[in-house]
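Protein chains in written order, with my numbering: chain A, 1 to 310; chain B, 1001 to 1191.
Beta carbons: idealized from backbone N, C-alpha and C, even for Gly.
Remarks on the structure that follows.
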Amino acid sequence: MKDLSTSHLLGIKDLNQNDIEIIFNTADSFKEVINRPIKKVPTLRDVTIANLFFENSTRTKLSFELAQKRLSADIINFSAGSSSVKKGETLIDTANNILSMKVDMLVMRHPNSGAAKFLSEKTNTVIINAGDGTHEHPTQALLDTYSIREKLGNVEGRKVALIGDIKHSRVALSNIFALKKLGAQVMVCGPTTLIPKYINELGVLVENNLEKALKWCDVANMLRIQLERQDIQYFPSLREYTYQFQLNREILNKIQKPITILHPGPVNRGIEITSEIADSEHSLILNQVENGVAIRMAIIYLLAGSINRS
Amino acid sequence: MANRLYIYLLMKSTEILNSLQVSLTIKRLCSQLIENHHTFSKSVLIGLQPNGIYLANRLKTDLQKSINKEVQTGSLDITFFRDDFRRKEKPLIPSVTNIDFSIENKKVILVDDVFFTGRTVRSALDAIMTFGRPSSVEFLTLIERRFVQNIPIKADYIGKSIDTIKEEKVSVLWKEQHGKDQILLNSPILT
C-alpha cells in the first residue's frame, strides 16, 4: 500500500481512492484501540496540535479533541468568540502567532470557503480542514463513507441519496466527492431551490420527490436545513418542508425495504427526521459519532508524518 | 549512500536452521512452555505482528496436540507504541490486533520470530498493558541475535542464539508464506 498523496487534509477533492483506503485501514486499527480497556496510545506524544474554531461546533470539536488526546498529542483550543479576532486580528496573524508557540498541526473550522487552503499556502504547517463555509467537511465525509463500509461491507456500487439542504451543505459536497471516488452512485434530493445550479457537473442524479429517492437508494444521508446560512427564504415554511421531505415511519412503510440512515448531526428532530426513525435500528447516527474518533485519529496519525520542524 | 548500496548488493546467505531443525526447535520450545505453564489454563500466547504470528500459530498447534486443550492465541500490532514515530520518512501502516479474550491475571507469553534490538518487545510490553494487567509477561523468540540489544530486555525462551553484526539480517521463511520453513542469515560481503 502506498503513502498518502497529500500532506494536508483540505478537502476530499484532493484525495485519491488509495488515500481513502489507507485512511480507512488505519481507522480500523484505531477503532480496535478505542475499544480496549485503555484507549490511549503514545504515538504523538511529542506533537502539539491547535484546534482553531472560528465557527460553532460540538461534535466535530469534541471528536477531534478526543482523537488527539487518545494519540497522546498536546492540544490547545481556540474559539473565535473569546479571542483577539474580535479585536481585528487577521487569520494569518492569528495562525502565525499560534505557530510561533511551536505548534505542529492546525485543525481549523472557518465560516469562509477556502480558508483552510488559504492557510495551507500561507503557513508552513500541517492543516486539517474541519469545515470551511459551504465548501468541504472532509472528515465528516470520510466517517460517513467509513460507516457505510462498516455496515454494508463496501461502498462500491451502493446507491446513496443525500437529502435536504444540498446548497448550503459542506457535508453534501464532501460526501459526493468521497462516494464517487469509492465507486458509489449518488443522488441528491431536496427542494429545487436548495439544490445548486451546476450539481449535474458532479455526476450525481437529482430528485425532488423524497419517496422516489428512497425507493432508489440503499443509504439515505439526511442533512439539516442550515437556516443560519440562508440569506433569503428558500421554501415557504419549515412546516411545508417537513411535509415533503421528512423521513418518517409513514414514508418508510410505503417503500417497503430496509434503508440505512445516516445523519451528520446536529439532528433537528421532527424536521428532517422523526425521533422514532433517528433512534431506529437502521440508523447509524451513533455509529457515525464513534467512527468519527477513529477516522480523525487515523488522519492525524497519517498526517503527523508530514510535520516539518526544520 | 553509494557505498552502502554497493555493500547491500553483495550479500551472501547462510542457512541457520533448515525445515527439520525449525520443527524440532518448535517442539523443544513447546516442551519448555508446558514445563512452566502446564495446561495453559491461565496462560495465553500473543504473536507480535507481522512475523510472530506464524510462530505463535505453530506453537499453538503443537501445544494443543501435546496437552489436548485449547491454547488461547492472539495477535498484537505495536505500530502505535513504537519509539521511532516521525523518525522514519512516512508513518507505518498498522497490522491487525486481535485479542478476543481477557488477559487480566493471565500469564502472557509474547512471541516473535527474531529478537534483535529489543525495541519491538519494549513496545509490545506497553501495548499489551492497554488490554489489562497480566499476572506475568514472558518473551519467546525463535532466533536471538546475541549482544546487539539496545535495551536491557532478555528472552525467556530461545530457539537458537546466534552471533551477528548489525549489518547482517536474519530472514525467517515460513511454509505458509514461502512453501518451506527455513531461516537464513544474510551477510554483506566485505571486500
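Practice item. Please list, in chain order, all residues of the same chain as A:Ala184 whose beta carbon is under 6 Å from its beta carbon, the five residues on each side excluded. Key: Val155, Arg158, Val160
Check your understanding: DSSP beta-bridge partners for A:Arg109?
Key -> A:Phe53
Review point. By the criterion of Cβ-Cβ separation under 7 Å, what are the contact partners of B:Thr1141 in chain A?
Key: None at all; the shortest Cβ gap to chain A is about 24 Å.
Point to revise | Contacts of A:Gly292 in chain B (Cβ-Cβ under 9 Å) | key: Those within 9 Å of A:Gly292 in chain B number zero; the least Cβ separation is about 19 Å.
Review point. If you draw a straight line from the C-alpha of B:Lys1160 to the C-alpha of B:Glu1015, how long is it?
Key: About 13 Å.
Review point. Assuming B:Glu1144 contacts B:Tyr1054 under a Cβ cut-off of 8 Å, what Cβ separation, rounded to an integer in Å, is found between them?
Key: Incorrect: roughly 17 Å between the Cβ atoms, too far for contact.
Point to revise | Closest residue to A:Ile379 among A:Gly292, A:Glu201, A:Leu238, A:Phe30 (Cα-Cα distance) | key: Look at the range of chain A in this structure, 1 to 310, and you will see that residue 379 of chain A is not part of it.
Exercise for review: Give a yes or no on whether the minimum CB-CB distance between B:Phe1131 and chain A is below 7 Å.
Suggested key: yes
**Study point:** Below-7 Å beta-carbon distance, A:Ser63 vs any chain B residue
**Key:** With 7 Å as the cut-off, A:Ser63 does not count as an interface residue toward chain B.
Review point. Which of helix, strand or coil does DSSP assign to A:Thr6?
Key: coil
Point to revise | From A:Ile259, A:Leu99, A:Glu136, residue whose alpha carbon lies closest to that of A:Leu173 | key: A:Glu136
Exercise for review: Can you tell me which of the three DSSP states B:Ser1157 falls into?
Suggested key: Checking the displayed sequence, the identity of residue 1157 of chain B turns out to be Tyr instead of Ser. B:Tyr1157: strand per DSSP, three-state reduction.
Check your understanding: Comparing alpha-carbon positions, which option in A:Thr60, A:Phe24, A:Gln68 lies nearest B:Pro1094?
Key -> A:Phe24
Practice item. Output, in sequence order along the chain, the residues in the region 1072-1084 of chain B whose CB is closer than 7 Å to any CB in chain A. Key: Answer in chain order: Asp1077, Phe1080, Phe1081.
Review point. Alpha carbon to alpha carbon, what distance is there between A:Leu52 and A:Ala130?
Key: 9 Å
Point to revise | Whole-angstrom distance between B:Leu1140 and B:Leu1020, CA atom to CA atom | key: 20 Å
Review point. Residues of chain B with a CB under 7 Å from the CB of A:Asn25: which are they?
Key: Ile1093
Point to revise | Rounded straight-line distance, which links the Cα of A:Leu182 to that of A:Gly153 | key: 13 Å
**Study point:** Beta-carbon neighbours of A:Ser29, restricted to chain B and to distances below 9 Å
**Key:** Asp1077, Thr1079, Phe1080, Ile1093, Pro1094, Ser1095, Val1096, Thr1097
Review point. Roughly how many angstroms separate the alpha carbons of A:Phe64 and A:Gln140, rounded to a whole number?
Key: 11 Å
Point to revise | Extent of the continuous beta strand (DSSP E) run through A:Pro266 | key: From DSSP, A:Pro266 is part of no beta strand (DSSP E); its letter is neither H nor E.
**Study point:** Complete runs of the alpha helix (DSSP H) confined to the region 211-272 of chain A [at least 4 residues]
**Key:** Within the region 211-272 of chain A, the runs of alpha helix (DSSP H) at least 4 residues long that lie entirely inside it are, in chain order, 238-245, 249-255.
Review point. How long is the line joining the alpha carbons of B:Gly1132 and B:Lys1107, rounded to whole angstroms?
Key: 12 Å
**Study point:** Distance CB(B:Ile1123)-CB(B:Phe1081) smaller than 7 Å
**Key:** Going by the sequence as given, residue 1123 of chain B is Ser instead of Ile. For B:Ser1123 and B:Phe1081, yes; Cβs fall inside 7 Å.
Review point. Cβ atoms of A:Ile176 and A:Leu9: under 7 Å apart, would you say?
Key: no
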